[in-house]
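In this note's numbering, the protein residues as written are 87 to 446. Glycine residues also receive a C-beta, built at the ideal position from the N, C-alpha and C atoms. Please read all numbers here as calculations on a predicted model, not as lab measurements.
Written as structure tokens, this is what we have:
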């Protein structure tokens with residue numbers, strides 16, 4: 087009986103594929119628009135391999151020249167690039183040459199000029215110069231200089247991801263969470279032909295009736311997502327990392343989204359109200375999850391972001407794309423499972439209450 091229902095619901099959905107086509111086409115349109123609009127912003131998200139700074143020797147003593155030579159040698163060993171500018175205002179040189187900072191060496195003194203546009207590089211340069219002078223002063227006094235040696239570490243960081251790859255992934259996920267619109271054909275025909283009342287007097291349990299709707303909606307939305315993903319690869323060159331693991335995450339994402347939509351429909355029993363309610367929830371989850379503003383540059387606190395299942399899914403898929411691995415894969419799947427189980431239980435319970443109310 088349940089297989090018969092699933093087959094019939096599939097037929098009802100195929101009679102109106104407009105909503106499904108919207109889930110395929112709309113994210114691709116947004117990918118084209120957003121990837122172009124945010125290309126410059128995303129291109130700045132890259133690792134700087136070296137710090138460039140200018141310097142000048144203003145002191146005339148031999149010790150100053152020797153100190154400057156030693157400083158240049160130490161800088162070269164630590165990956166700094168120093169350029170000598172004998173004349174000119176340090177501030178003007180920084181702005182015109184677009185370098186991280188400027189150092190002037192005097193008779194036993196030094197001055198560091200910072201570039202406000204490269205504040206991180208300027209702070210590192212200042213720390214380096216200070217550590218170097220501490221080291222030189224300690225050596226002159228015959229002290230142990232190990233504590234004054236500048237230690238350079240290179241912790242792991244998230245590799246650069248372009249705007250096309252980012253939005254090519256997260257927009258498909260975002261619209262996948264609007265899965266309930268693909269089931270509009272089922273619900274409208276149920277109302278039109280009073281199918282629900284007939285099913286309520288059948289021997290099928292509410293959980294089986296729920297699955298009869300859940301399976302075709304998930305299947306159709308997954309098919310739409312697959313088409314969108316393939317088109318994003320062909321049209322925009324979007325890179326999906328670890329295809330098998332990404333496919334698993336997309337499957338759980340669509341399952342959770344479908345369960346959320348069905349729960350709303352079972353509660354409101356009205357497709358228009360259901361779509362409005364689901365769109366509101368999905369928009370909020372997407373807002374904090376990086377669907378509009380990239381989660382790397384978002385000003386929202388991490389604690390708030392982690393409340394959104396879309397954030398976990400987006401981050402897992404984006405990191406799989408650019409790094410090949412992600413610590414958010416497990417949390418993304420577990421979050422989707424929790425949403426699926428919780429929403430399904432509420433939907434079935436609401437269906438049972440509605441059935442008893444109709445019987446009464």
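Beyond the five residues adjoining it in sequence on each side, residue 106 comes within less than 7 angstroms, by CB distance, of 268, 306 and 310 in the same chain, given in chain order. Secondary-structure assignment with DSSP links residue 137 through a beta bridge to 166. In this structure, DSSP gives residue 190 an extended state, which the three-state scheme calls strand. Scanning 99, 166, 249 and 188 for the CA closest to the CA of residue 125 turns up 249. With contacts defined as CB atoms closer than 7 angstroms, residue 398 and residue 417 qualify as a contacting pair. When rounded, the separation of the alpha-carbon atoms in residue 278 and residue 356 is 13 angstroms. Rounded to the nearest angstrom, the Cβ distance from residue 335 to residue 403 is 6 angstroms, consistent with a contact under 8 angstroms. Boundaries of the alpha helix (DSSP H) harbouring residue 397: 395-408, taken from the DSSP string. Residue 199 places its beta carbon less than 7 angstroms from that of residue 176. Sequence-distant Cβ neighbours of residue 212 in its own chain, meaning closer than 8 angstroms and more than five residues away, are 187, 198 and 200.
With a threshold of 16 other beta carbon atoms within 10 Å, residue 90 falls short and is exposed. Assignment of beta-bridge partners to residue 198 by DSSP yields 189. Contact between the region 109-119 and the region 255-263 is established, with three or more Cβ pairs separated by less than 8 angstroms. Within the same chain, 326, 403 and 406 come within 7 angstroms of residue 332 by CB-CB distance, once the 5 residues on both sides are set aside. Within the same chain, 394, 396, 397 and 400 come within 6 angstroms of residue 375 by CB-CB distance, once the 5 residues on both sides are set aside.
Cβ contact annotation for residue 99 (same chain, cutoff 8 angstroms, sequence separation greater than five): 106, 268, 269, 271, 272, 302, 303 and 306, in chain order.
Annotation: residue 208 to residue 218 spans about 15 angstroms, alpha carbon to alpha carbon. DSSP lists 190 as the bridge partner or partners of residue 142.
For residue 431, the closest alpha carbon among the candidates 157, 95 and 295 is that of 295. Residue 113 sits in a helix when the DSSP states are folded into three classes.
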